[in-house]
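Residue numbers (the numbering used here): 20 to 145.
What follows is a set of notes on a single structure, which appears directly below.
Laid out in structure tokens, this is it:
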């Protein structure tokens, strides 16, 4: 019996993608590979914004001109990171949160795609 399950693009959510692909050709041209990967592979990512802020996150969802970024716990502050000491060496005692912002944002943060200037997959290595 043939596999009739269709998979939609992780970027636009509308285009049907080929088996083994995660994003349609249009989204692969429009979005950085690391950002698209964050839409389907929970890991550690970082992005830089136009204003110089750097956000560390573990997952993403693109919706229109915006992307939602969150941290399910894959990104932990480094011991010298202010977020580490700010949480009393137990940053996870509450909910995991995106790192690099002045607020914990445990439910994630929405960022305008036009304000992202770079994205990295596994910024500390894997």
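Virtual Cβ for every residue (Gly too), placed ideally from N, Cα, C.
Reference residue i; option with closest CA among the options
i	options	result
residue 38	93, 86, 28 and 89	28
residue 68	140, 135, 90 and 34	135
residue 66	137, 143 and 145	137
residue 71	46, 119 and 140	119
residue 124	53, 40, 76 and 142	76
residue 61	79, 52 and 45	79
residue 73	91, 52, 45 and 117	117
residue 81	92, 57 and 90	57
DSSP three-state assignment for residue i, whether helix, strand or coil
i	result
residue 17	Since the first and last residues shown for the chain are 20 and 145, residue 17 lies out of range.
residue 132	helix
residue 88	strand
residue 37	coil
residue 57	helix
Residue i CB to nearest heavy atom of the ligand HEM below 6 Å
i	result
residue 60	Ligands are entirely absent from the displayed structure, and the ligand HEM is therefore not among its contents.
Sequence-distant residues of the same chain with beta carbon closer than 6 Å to residue i, five excluded per side
i	result
residue 106	Only weak support is given to the placement of residue 106: the predicted model assigns it a pLDDT of 48, under 50, and the value that follows is read from those uncertain coordinates. Excluding sequence neighbours, residue 106 sits near nothing in its chain.
residue 34	28 and 43
residue 143	none
C-alpha gap between residue i and residue j, whole angstroms
i	j	result
residue 41	residue 50	13 Å
residue 140	residue 54	8 Å
residue 16	residue 48	Residue 16 is absent from the model: the chain starts at 20 and stops at 145.
residue 127	residue 46	23 Å
residue 25	residue 52	22 Å
7 Å Cβ shell around residue i - same chain, five flanking residues per side excluded
i	result
residue 59	29 and 41
8 Å CB neighbourhood of residue i in its chain, flanking five on each side removed
i	result
residue 91	61, 77, 78 and 115
> Would you call the region 79-86 and the region 122-136 in contact, with 3 or more CB pairs under 8 Å?
Replying inline: yes
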